Structure formats: structure tokens, C-alpha cells
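Residue numbers (my numbering): 4 to 183. Inspection log for the structure reproduced underneath, given as C-alpha cells.
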């Protein structure tokens with residue numbers, strides 16, 4: 004089954020995620036030099052705005068989605084590693100999700116960005132009222148198995164295309180076909 008033929012229904016973020024938690028304020032002047040990714044409101048680099056060394060009075064997130072509340076409002080990323088989260092992002096997390104479910108949900112959740120702007124940010128009250136459309140089982144529950152399967156298939160397709168491309172490039176170089 005594909006996305007077009009799958010039945011979809013609306014769910015609040017509170018129904019989908021066990022934890023919805025905003026990061027903690029950390030002024031730029033208080034950043035210490037370090038190697039811990041700092042998640043903020045950028046739409047670039049998986050939402051990582053730099054690297055810091057702070058370990059006190061910070062909020063760390065791991066294996067979750069982060070959504071930008073301000074700046075690039077609605078930019079949503081899967082964070083498979085530990086990040087220090089600014090107060091410009093909110094964590095969306097469920098212990099039952101794996102990488103593939105999170106990657107599917109990141110795309111779906113990011114679509115709420117159309118409702119927001121620099122002057123209309125996502126605050127704590129608004130995010131708890133947000134709803135998203137998700138593929139559902141015959142019982143009308145979110146179909147997380149479908150989401151995982153869909154993303155595993157996408158990953159496999161992309162890796163196959165990448166490997167084919169690399170193989171062609173290497174063969175071209177080995178056959179003296181020119182510079183890469």
C-alpha cells in the first residue's frame with residue numbers, strides 16, 4: 004500500500020507523543036566552548052546551530068523530534084543523538100518510536116509551519132492544540148508499522164540510487180573517463 008491509497012485521520016500531538024517539552028533558555032554569551040550539538044531554531048543542519056560545552060542548567064534531548072518554535076518556525080528534525088536544546092525548540096518524543104517512525108513524523112509535523120511565521124510563533128499552548136494527519140490502521144489508530152515500513156523502503160531506494168551513482172563515478176574514473 005502507498006501513501007495515496009492509505010486511509011488518513013487527524014490526531015493531536017498530545018495523542019501521538021508522550022512528551023512535549025520546550026528546551027531551556029541559554030544566552031549566546033553563556034555558551035561554553037565544546038562539542039555537544041546545540042539545537043535551536045535554524046532550518047539548516049538538522050536544526051543544529053553550533054556546538055557548546057555547557058552541562059549545567061541546560062536541557063538535553065535525545066532520540067526525539069525537535070520543532071522550531073520561532074525563527075524557522077515549524078522546522079522539524081529527528082535528533083538521534085544527544086543535543087542541548089534552546090528554548091526556541093520543543094521536543095516531541097515517544098518511547099515506542101524508532102528512527103523510521105520519527106523520520107516519517109518529522110515530515111508530517113513540519114507541515115504545521117504553514118500556520119506560523121516570525122510574528123506568530125509556536126508557543127506551549129498552541130503546540131498542545133496542534134493536529135496532524137497520519138495514516139491509520141483499520142481500527143482508526145495511527146499506523147506506526149506502515150510509517151516504519153514506508154521509511155525503510157525510502158531509505159533502501161535512496162541508498163540504492165546513491166550506490167549506483169557512486170559505482171558509475173568510480174567506473175568512469177577507472178576507465179579513464181575524466182575527472183570527477
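For every residue, glycine included, the Cβ atom is placed at its ideal position computed from N, Cα and C. These numbers were taken from a predicted model, which means no experiment stands behind them.
Quick check on the DSSP output: the beta strand (DSSP E) that includes residue i runs from which residue to which?
{"i": "residue 15", "result": "11-15"}
{"i": "residue 112", "result": "Counting along the chain, residue 112 falls outside any beta strand (DSSP E), though it belongs to the alpha helix (DSSP H) covering 102-113."}
{"i": "residue 53", "result": "51-55"}
{"i": "residue 42", "result": "36-42"}
{"i": "residue 86", "result": "86-88"}
{"i": "residue 6", "result": "From DSSP, residue 6 is part of no beta strand (DSSP E); its letter is neither H nor E."}
{"i": "residue 24", "result": "22-25"}
{"i": "residue 98", "result": "First-last for residue 98: undefined, no H or E at that position."}
For residue i, which residues does DSSP report across the bridge?
{"i": "residue 168", "result": "Partner(s): none; residue 168 has no beta bridge."}
{"i": "residue 79", "result": "70"}
{"i": "residue 120", "result": "123"}
{"i": "residue 137", "result": "12"}
{"i": "residue 144", "result": "None; residue 144 has no bridge partner."}
{"i": "residue 63", "result": "87"}
{"i": "residue 19", "result": "Partner(s): none; residue 19 has no beta bridge."}
Tell me the rounded alpha-carbon separation between residue i and residue j.
{"i": "residue 68", "j": "residue 118", "result": "19 Å"}
{"i": "residue 18", "j": "residue 49", "result": "25 Å"}
{"i": "residue 139", "j": "residue 34", "result": "43 Å"}
{"i": "residue 54", "j": "residue 143", "result": "42 Å"}
{"i": "residue 108", "j": "residue 157", "result": "14 Å"}
{"i": "residue 151", "j": "residue 106", "result": "9 Å"}
{"i": "residue 58", "j": "residue 40", "result": "12 Å"}
{"i": "residue 146", "j": "residue 159", "result": "20 Å"}
{"i": "residue 165", "j": "residue 116", "result": "30 Å"}
{"i": "residue 175", "j": "residue 5", "result": "36 Å"}
{"i": "residue 81", "j": "residue 96", "result": "10 Å"}
{"i": "residue 169", "j": "residue 29", "result": "42 Å"}
{"i": "residue 84", "j": "residue 75", "result": "21 Å"}
{"i": "residue 120", "j": "residue 110", "result": "18 Å"}
{"i": "residue 79", "j": "residue 62", "result": "18 Å"}
{"i": "residue 136", "j": "residue 72", "result": "20 Å"}
{"i": "residue 13", "j": "residue 141", "result": "14 Å"}
{"i": "residue 113", "j": "residue 167", "result": "31 Å"}
{"i": "residue 43", "j": "residue 153", "result": "29 Å"}
{"i": "residue 27", "j": "residue 124", "result": "16 Å"}
{"i": "residue 46", "j": "residue 173", "result": "33 Å"}
**Study point:** Sufficient close CB pairs (3 or more, under 8 Å) joining the segment 84-92 to the segment 127-140
**Key:** Using a C-beta cut-off of 8 Å, the segment 84-92 makes no contact with the segment 127-140, since fewer than three inter-stretch Cβ pairs fall below that distance.
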